[in-house]
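Chains as they are written, first to last, in my numbering: chain L, 5 to 450; chain H, 4 to 352. Shown next, in structure tokens, is the structure this report addresses.
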Amino acid sequence: MRGLDLDDLNDGAVAAASKLGADDAVALSARGADSMIRFANNSVSVVNRVEEAELTVYLAKDKRRAIASTSNLDRAAVKKFVGDLYASLKGLPESEYVPLPDRAVKYAPSRLSYDRKLEDLDDELPGLAKLAIESALSSGGKRSAGVINAGKGTISILTSNGTVGTDSRTAITLNIRSFAEKEASGHGLSCASSLAGFDPEEAGRRAGEGAKKMKDASEPEAGKYQVLLSPTVASNLVETVAGAASAFSVDAGTSYLAEKVGKKVAAPGFSLTDHGVAEGGLGGRVFDDEGVRTRSNKVIDGGVLRGYLHNLTTAKKWKTQSTGNAGFVQPHAWNLEVGKGDSTYEEMVKEMKRGIILTSNWYTRFNNYRTGEFSTVPRDGAYLVEGGKVVKSLKGMRAGDDLQRLFSSVTLLSKQREWIQWWEVDTPTFCPWILVDGVNITRAYG
Amino acid sequence: MLLDIEGRIADGRAGVNLPGRLLFLGAELELRHYVNSDGARVDGRLPRVGFFGSLTGAEGGAMAQRFIQQGETGGLEVVRRVKLVEKVEEEAKVMGKILRTASKSPTDTLDVVLSPELSGIAAHESVGHPQEADRVLGREGAQAGESYLKAESLGRKIGSLEANVSDDPTLVNSNGFVPVDDEGVEAKKRYLIKDGVINEFLQNRTTAKEFGLSSNGAARSVAFDREPIIRMSNTFVEPGDYSTEELLKEVRHGVFFKTFTEWNIDDKRLNQRYVALEAYLIEQGELKGLVKSPVLEITTPKLWGSVKARSKHMEFEAAVCGKGDPQQGAPVWTGGPETLLAGIKLGAR
Chain L
5 MRGLDLDDLN DGAVAAASKL GADDAVALSA RGADSMIRFA NNSVSVVNRV EEAELTVYLA
65 KDKRRAIAST SNLDRAAVKK FVGDLYASLK GLPESEYVPL PDRAVKYAPS RLSYDRKLED
125 LDDELPGLAK LAIESALSSG GKRSAGVINA GKGTISILTS NGTVGTDSRT AITLNIRSFA
185 EKEASGHGLS CASSLAGFDP EEAGRRAGEG AKKMKDASEP EAGKYQVLLS PTVASNLVET
245 VAGAASAFSV DAGTSYLAEK VGKKVAAPGF SLTDHGVAEG GLGGRVFDDE GVRTRSNKVI
305 DGGVLRGYLH NLTTAKKWKT QSTGNAGFVQ PHAWNLEVGK GDSTYEEMVK EMKRGIILTS
365 NWYTRFNNYR TGEFSTVPRD GAYLVEGGKV VKSLKGMRAG DDLQRLFSSV TLLSKQREWI
425 QWWEVDTPTF CPWILVDGVN ITRAYG
Chain H
4 MLLDIEGRIA DGRAGVNLPG RLLFLGAELE LRHYVNSDGA RVDGRLPRVG FFGSLTGAEG
64 GAMAQRFIQQ GETGGLEVVR RVKLVEKVEE EAKVMGKILR TASKSPTDTL DVVLSPELSG
124 IAAHESVGHP QEADRVLGRE GAQAGESYLK AESLGRKIGS LEANVSDDPT LVNSNGFVPV
184 DDEGVEAKKR YLIKDGVINE FLQNRTTAKE FGLSSNGAAR SVAFDREPII RMSNTFVEPG
244 DYSTEELLKE VRHGVFFKTF TEWNIDDKRL NQRYVALEAY LIEQGELKGL VKSPVLEITT
304 PKLWGSVKAR SKHMEFEAAV CGKGDPQQGA PVWTGGPETL LAGIKLGAR
């Protein structure tokens, strides 16, 4: 694996495709090394290191297109893989086809979010996990479960029109839950692209304190509430907005943002931007899967939908330019940023007459992606606020809304923002606390 | 096959305007070679076929969405055998009826009949998951969560005598067919809830040792370089002895949940929600008109404690179950008969 030359791999794949007669070919090769430590009940349960490499090839011939990936990277195997993929084109119908850009781009090697200290952290992970666990214990959590993932990844591209580039990045994330007693739990995250930005003690403290506060939690009355969404919860919902902003979702009938470009889809204070590369960003790269340079795209600005995320194919259909968000099939976001507000967390709580603070959630599911109707299940710290003060902790509820109404009802955003990426948030998101009016809270009837 | 489906449902040909149609068909071949020092040796070759479809219907300002999932172990002959093309076309026709005729759902306390699709998702979410022994022991706490059950919950009464739920990896042709697990243990049927009592947890070798038991073969990994963890296979409500018609005749006032859209459950698997898409009012034992988006939001003990009767008509749906870090999506079946729940308070969207 360590001796694997991604450029050689790409050269071999594109040369084989060109020799066969492909009109367009793209080779994307990626190599990653990820270390993981998991713990449960305050003890390490799993230590894991995975080194993987993969080649993805896109071919087009006579308006027929095919994409496939392989992890068998032997030179002869790659040649056969490309040959088989090319042969499969014959059985396909013609599809919407857009040629790769004529102009070749030579990207300088990019290491915008790279920290050498994260390259090989195996020996450090037990100590970092211990810091998080002990911090949670000293903050009120009796037992903790969690995972630290640390790793590096490099991806290289070569296209048949001569575009070439390499991008490398590192990331480290901690997800910790602490339990104080039955049904009393708190949650903490720390997500960074550098070791200096990683704070396992703070994440452990939040989880431990959250668990302690959740003792004696009770179920709320069902009804409409002001809801203060933590960056963790807000990022989960924001990611679904970005999914709806993919032109593919619009075409497939699974976007509530269909027919809304130029229209209000959120409160005036809400903005959402996708960055191909972002300072401190845990995801993204300088080129997309089609070799187009990535950039920053304002998705929602001042509450107005500015446009969709495109690859070459969707851009042609929508008579616009690629936004550098390919996915060969499906355009997608790289790093999301929600614009900050001017409130502190404390000021936001004071604004709440009768509301609920949600610190974590999971299992967001849609009744209808086209209308944006969904519900999500809060977990860990949840608190009832009356007259600007936290009065008790809450459990056993569900929040339901539709995305347009929810983001149109945003009243305040915090100055403070955090990077979020964890089990429930795939796309790294830089997100503030968000206060929303009129969210429907339900609970089980029996 | 996908173009055949498209040809039958596009441009209003199924009697409904479907502005969004997303159809996936996948075929895979899983090769498995497993050896351990305990004497197990497995050479497996498992073809699998899966379909996912999303239909978005719009008529007269109303919109609806249906997600269809089918999958089995086998080759592409499965697609024809399950009549996939006809099934999707029929779903499209039903969506048109829902958009045109569904009326407001009742929200009082009544009887609910769960279809095989609803029985299956409830069995998977609120029986299979909380009875995974690794969750019970806290091993999945930071991700998939824990369980409302504890190690000492074996033998606890959780449902009525009619509540019987099993997980069976030995069903040939099923989506969750795992004849030998990924710790080399021969798989067998697991009786999770038997006559309303928590009977058995899903175990791997490690958790079984902590319980003083033997593994019941529930360890699965989705790739050679992923950790085998405790997984369901084919989880279902056991059949009863009523015909579907006899079961419906038992209902004076109720709602039949036939298909669902939105669903979720808390991470202890105690508080769950299912929102129906195709649902019918039942009056005096007969199906009446379609009703719009009834919501079953209920605790696990209440749900399984309300089971009054089960039909003998079984069906299964395919699903991909998510668990693990990194995520391991495992193919499973969920299923069951029509299941009658008595005295349920409904909500509506």
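Beta carbons: idealized from backbone N, C-alpha and C, even for Gly. All values reported here derive from a predicted model rather than from experimental measurement.
query                                                                                                                         : result
Proximity below 8 Å, CB of L3(L) to CB of P204(L)                                                                             : Residue 3(L) lies beyond the range of chain L shown here (5 to 450); nothing can be said about it.
Rounded C-alpha distance that separates R51(H) from A30(H)                                                                    : 6 Å
Among A256(L), D292(L), T380(L), the one whose alpha carbon lies nearest that of Q68(H)                                       : A256(L)
Stretch pair the stretch 228–245 of chain L + the stretch 418–438 of chain L: three plus CB contacts closer than 8 Å          : yes
Short CB-CB distance (under 8 Å) between S57(H) and chain L                                                                   : yes
Contact set between the stretch 131–154 of chain H and chain L, restricted to residues whose Cβ is under 7 Å from the partner : G141, R142, G144, A145, Q146
Interface flag, G257(L) vs chain H, CB-CB below 8 Å                                                                           : yes
Touching by the beta-carbon criterion (3+ pairs, under 8 Å), the stretch 337–349 of chain H and the stretch 63–77 of chain H  : no
Beta-carbon proximity list for P297(H), same chain, < 6 Å, skipping 5 on both sides                                           : S108, V258, A279, A282, L349, A351
Neighbour list for W266(H) in chain L, Cβ cutoff strictly below 8 Å                                                           : R369
Through-space distance from I360(L) to S39(L), alpha-carbon basis                                                             : 37 Å
Same chain, Cβ closer than 6 Å to A43(H), neighbours up to 5 away in sequence not counted                                     : G187
Closest residue to G157(L) among A140(L), T167(L), I176(L), E185(L) (Cα-Cα distance)                                          : I176(L)
Near-chain L residues of the stretch 77–110 of chain H (beta-carbon distance less than 9 Å), N- to C-terminal order           : none
Proximity test, Cβ basis, 8 Å: Y229(L) and chain H                                                                            : no
Supposed close pair V294(H), L284(H) - CB separation, criterion 8 Å                                                           : 5 Å
Minimum C-alpha distance to G144(H) - residue among E187(L), D11(L), E341(L), N329(L)                                         : E187(L)
Neighbour flag for W427(L) against chain H, beta carbons, 8 Å                                                                 : yes
I196(H) - DSSP class collapsed to helix/strand/coil                                                                           : strand
In chain order, each beta strand (DSSP E) run of at least 3 residues that lies wholly inside the stretch 261–346 of chain L   : 276–279, 300–305, 339–342
Interface residues of chain L facing P22(H) [CB-CB closer than 7 Å]                                                           : G257
Contiguous alpha helix (DSSP H) assignments of at least 4 residues, all confined to the stretch 379–425 of chain L            : 407–412
Spatial neighbours of K121(L) in its chain, beta-carbon cut-off 6 Å, leaving aside the 5 residues before and after            : L199
Beta-carbon spacing of A17(L), V82(L) below 8 Å                                                                               : yes
Option in V81(H), E135(H), E128(H), V139(H) with minimal Cα separation from N176(H)                                           : V81(H)
Sequence ranges, alpha helix (DSSP H) only - wholly within the stretch 52–133 of chain H, length at least 4                   : 80–84, 87–104, 119–126
Test item: CB-CB of E100(L) and R68(L) under 8 Å                                                                              : no
Neighbourhood of E265(H) by C-beta, 6 Å cutoff - its chain only, sequence neighbours within 5 removed                         : V278
Completely contained alpha helix (DSSP H) runs for the stretch 262–335 of chain H, where each covers 4 or more residues       : 303–308
Delimiting residues of the beta strand (DSSP E) encompassing R210(L)                                                          : R210(L) -> not in any beta strand (DSSP E); alpha helix (DSSP H) instead, spanning 204–217.
Among S326(L), G7(L), V61(L), the one whose alpha carbon lies nearest that of A20(L)                                          : V61(L)
Contact list for the stretch 26–50 of chain L against chain H, Cβ threshold 9 Å                                               : D38, M40, R42, F43, A44, N45, S49, V50
Cα-Cα separation, A319(L) to G328(L)                                                                                          : 10 Å
Among L104(L), G311(L), W426(L), the one whose alpha carbon lies nearest that of V296(L)                                      : L104(L)
Contact with chain H by I137(L), beta-carbon distance below 8 Å                                                               : no
Test: N274(H) CB closer than 8 Å to a CB of chain L                                                                           : yes
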